[in-house]
Each structure stands twice: as structure tokens, then as C-alpha cells.
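Residue numbers (our numbering): 1 to 348. C-beta: ideal position from N, C-alpha, C; glycine also.
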Ligand SMILES: [Mg+2]
């Protein structure tokens, strides 16, 4: 990568808050039919037509959710939008708008904020959402980002967490665990860099894992797949805190138990080789690592033929009676109770 040896640093104070908003808003047009008014008035105006509105919001806080020593600002902007859009996908709704608010300290020049917003604009384009509002304010500590995502769905399309039934199949999209191992690789390189700032990391063997950590893609495509395959999940959630923790949410809210099969977990070969290198158990990473932003859902057993052989989906278990508990069935065919050891921002 070519680095600018003399990067320009324009102070945000020079622009003022309204100047900054005008400057950043230039990047955002309107593409969604449901957006009547975007940035520029006191509030955005959205026309849901005959659909239901689905809303989700999240914070990303420097030092808690991200570390700027290895998270480029452009990636952070992309990720902030992606993780919120993922929650809309988890309701089987179509994401349509986002609002983005940031609190930023004066150690960030305008050029840094532009990078962040370039990532936000890239995500808006990738996930076909309009950025219709937000706020900018100052922070005395670090960078804080809050994104609210809005989506639309017909009432009968919406999938909640509480509809799973005994014998339903448990299905996951994509593969899991890679984002967590990407973070482990980045953490290790950071430690090496702190000891030897001249070290040049060779990250070629970990590109997929790092991309999964730095640039997670919300599965906006899955709703279309469901439609084409004529599937409506009985319950669904996205994997932000880890498979185990999310599956326990589905079980608790649906009042079921589950059997999750260790040998069915979809793992990328790069994840397996990196877990060997780090001497970490790949199953533990797959079920407890978070931030994959894949979708976890249940379907009736009769629908198995509709997803059989589809590379987007892997059946990893089935729902059971609540009294049977929630279990991991190991390769040795023993049952271990599942625990919610997912990543938790409140754990210190
Ligand atoms: Mg979620």
C-alpha cells in the first residue's frame, strides 16, 4: 500500500458542526422508493406503503468494540452499517435506510472522518440502503458510532426468534468462527508490532479470516434465497455474539431444547489451519467466537429437500423438547450442555 508521507490534517473545528454535516452529506443520495426525504430537514420521511417497519440500533465504541490500531476507519464505517443491516436481515426484512451518528474527539482530523464515511457510503451501496440522517458531536475520549437500521417487510414475512418447534432443523448460512480467528491474528500482529515497530507482518495465510473480522458482509442475499426456495424459517437470529449464545436465544424464546452436531459445523480450511497453528480447538472457536454475521435459523423437517445441497446453507442440528436441554453432540457422540460463552461487551 502506498502511504502518503505527509497526510493532510484539517481540523474539524475549522468546519464547525453544520459545515461538517454538509460536507459529509454530499456523499449520500436517495435510491429507495420508500425514502421520501433524507438528510437536510429536521427528520427523514419514510413511506412504508403496506409494509411493516423493522428497526434496530447499535453502538460501536472505541476500546470496547474496535481497536483503531488495526481497524482501518474505512472498514470500521463499513462494519458499523453491516452489523446493523444484519439485524434487519435476521428479521427476514429488506433493509432500506440507516441513520449514522458519531461522537469524535479532536484527535481525528477531517480526513479521518472522511475515511469513516467512505466506508459507510460503500456499505450503503453494497446493501442498497439510504443514509437518511444522523448526528455528529464531540467526544472527550474516543470514537463512538451509533447506527440505526430500518427495514421493510410484509407482516407475514417477518421471522421472530420464538417460532421454532421440536424436530425443526437448525441451519446456518456460510461458515463460522473465521471472524474470531481474524481478531486473534490481528491481536498477535499488534503485539509483535509493539515489540518491533519495524516488523512487516506477512498476513497472506490469513486473508479470509482478517476480511471476515474487518469487513463482515450482512447476508442481505438470504431473504431472496428464501423467497426463491419458498422457505420461511420458523425462527431466526444473526450471529453476532457466537453460535452457542444465539442458538440458546432461539431455544429459550421458542421454548425448545436442541442437539447441535460438532461434525456438521461449517468451517473454512483457513480457520482449521490457523486454529492448529494457534493451538486452539476449532469447535470452541466455531461455537463461541462471534461477529460472523451469518444467519442462524430453523425450518420444518419437511423443508429439508428445499435446501439440500445448497452451498449457502448447512444443517447443523435439530430442535428438541425443552426438557432435553440444549446440547452439543461431539464427534465421539457424547452430549455436552451448550453454554452461552459468546462474546459479551459487559464482561471485563
Ligand atoms: Mg442480532
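Here residue 219 is buried: its Cβ has 16 or more other Cβ atoms, across all protein chains shown, within 10 Å. The beta carbon of residue 287 is closer than 6 Å to those of 243 and 244 in its chain, skipping five residues each way along the sequence.
In this structure, ligand 1 has no non-hydrogen atom nearer than 7 Å to the beta-carbon of residue 245. Ligand 1 never approaches residue 254 closely enough for any of its heavy atoms to be under 7 Å from the residue's Cβ. Residue 246 and residue 340 have their alpha carbons spaced roughly 8 Å apart. If you check the CB distance, residue 162 and residue 240 do not come in under 8 Å. Annotation for residue 294: 172, 173, 174, 175, 176, 219, 238 and 239 place their beta carbon closer than 8 Å to its own, counting only its chain and skipping 5 residues before and after. If you look at residue 95, you'll find it in the beta strand (DSSP E) that goes 94–104. Burial of residue 212 is indicated by the presence of at least 16 other C-beta atoms within 10 angstroms of its C-beta. Between the alpha carbons of residue 48 and residue 130 lies a gap of roughly 14 Å. Less than 8 Å divides the Cβ of residue 169 from the Cβ of residue 299. Counted as a single uninterrupted DSSP element, the alpha helix (DSSP H) harbouring residue 181 occupies residues 178–195. Residue 132 holds the alpha-carbon nearest to the alpha-carbon of residue 33 among 132, 224 and 113. A residue is called buried once 16 or more other Cβ atoms fall within 10 Å of its Cβ, and residue 188, having fewer, is exposed. When DSSP states are grouped into helix, strand and coil, residue 207 belongs to the helix group. For residue 101, the Cβ stays outside the 7 Å cut-off from all heavy atoms of ligand 1. The C-beta of residue 310 has fewer than 16 other C-beta atoms within 10 Å across all chains shown, which makes the residue exposed. Cβ neighbours of residue 63 within its own chain (closer than 7 Å, five residues either side excluded): 142. Only residues of its own chain outside the window of five on either side were considered, and among them 74 have a CB closer than 6 Å to the CB of residue 118, listed in chain order.
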